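Each residue of the sequence shown is one higher than the one before, starting from 1152 at the first, in the working numbering.
Data first, discussion second: the structure below is written as structure tokens.
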Amino acid sequence: MTTGTDHGVGEAVAARIERRWAILSIVIVGVLVGMATFIGIHQATMPQGRVETSDPKTLHLSGEFVESNLGSTLEADGSVTVRAIGQQYSFTPQCIVVPAETPITLRTTSADVVHGLLIEGTNINTMLVPGYVAVLPIRFNAPGEHVMPCQEFCGIGHQGMWGKVKVVDKSAFAKLAAARRRLTCVD
Ligand SMILES: [Cu+2]
């Protein structure tokens, strides 16, 4: 049987536990707000080191993203630069060919709205924002084929926006590059 005093003790214990949990939840909220504030201020005060811009209106007329300049190029230092653009609802080039075991710089942008570029089976994933050049250092360890869907909803035809990446042997790529300055695997 419980007596009046037992009741009082029980209530005091319950109140103490409740107070502890209340304090803990306030501390958790405080830490989260603190983290969000720190990240916000830190990133605002430390902007990206370099931002490259492009003009979607003149992309096809002049500059590095004109159609004849798109595709893969073997640079003098042995690395490869790939230039590609995304537009509603395709990538140009539709099929990108690159060598395996080679440092590659991917340079992409959008000609209209925000698109996404994801290469299946890898951690390569970036947004193509009109007005900005997305630059990504990439590398493939082995030859193979990867699909490259647009991963950012970009309009009514979004689900049909797919590209392809063909990774070929390093020597095979060198042979292709000797014959042409800009390479793609679009038939
Ligand atoms: Cu898209």
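Ideal Cβ placement from N, Cα and C applies to all residues, glycine included.
In this text the structure is predicted, and so the values were computed from the model without any measurement.
Residue burial classification, residue i (beta-carbon count within 10 angstroms, cutoff 16)
i, result
"K1326", "exposed"
"R1201", "exposed"
"K1315", "buried"
"P1288", "exposed"
"R1234", "buried"
"F1189", "exposed"
"Q1238", "buried"
"I1247", "buried"
"V1319", "buried"
"I1275", "buried"
"V1180", "exposed"
Simplified DSSP assignment, three categories, for residue i
i, result
"K1317", "strand"
"E1162", "helix"
"H1309", "helix"
"E1296", "strand"
"R1171", "helix"
"S1261", "strand"
"T1256", "strand"
"G1191", "helix"
"G1267", "strand"
Heavy atom of ligand 2 within 6 Å of residue i beta-carbon
i, result
"M1299", "Ligand 2 is absent from the structure shown, which contains only ligand 1."
Nonlocal neighbours in the same chain, by C-beta distance under 8 Å from residue i, ignoring five residues either side
i, result
"A1333", "Sequence inspection shows Arg at residue 1333; the Ala mentioned does not correspond to that position. Answer for R1333: S1219, N1220, L1221, G1222, S1223 and T1224, listed in chain order."
"V1284", "E1203, T1204, S1205, R1258, T1259 and T1260"
"E1226", "T1232"
Extent of the continuous beta strand (DSSP E) to which residue i belongs
i, result
"N1274", "Premise fails: N1274 is in no beta strand (DSSP E) and is neither H nor E."
"A1285", "A1285 to I1289"
"S1223", "G1222 to L1225"
"C1246", "C1246 to P1250"
"R1333", "Counting along the chain, R1333 falls outside any beta strand (DSSP E), and DSSP gives it neither H nor E."
"V1231", "V1231 to Q1238"
"F1242", "S1241 to T1243"
"L1210", "It is not in any beta strand (DSSP E) - L1210 carries neither H nor E in the DSSP assignment."
Proximal residues to residue i (C-beta, below 6 Å), its chain only, five neighbours per side dropped
i, result
"T1243", "L1221 and I1236"
"L1210", "F1216 and A1262"
"E1296", "K1317"
Neighbourhood of residue i by C-beta distance below 7 Å, restricted to the same chain and skipping five residues each side
i, result
"M1278", "V1265, G1267, A1285 and E1303"
"G1308", "Q1239 and Y1240"
"E1162", "none"
"A1328", "L1225 and L1334"
- [ ] Can you list the residues near ligand 1, meaning Cβ strictly closer than 7 Å to any non-hydrogen atom, in the order they appear in the chain?
- [x] G1237, Q1239, Y1240, H1266, G1267, C1301, E1303, C1305, H1309 and M1312
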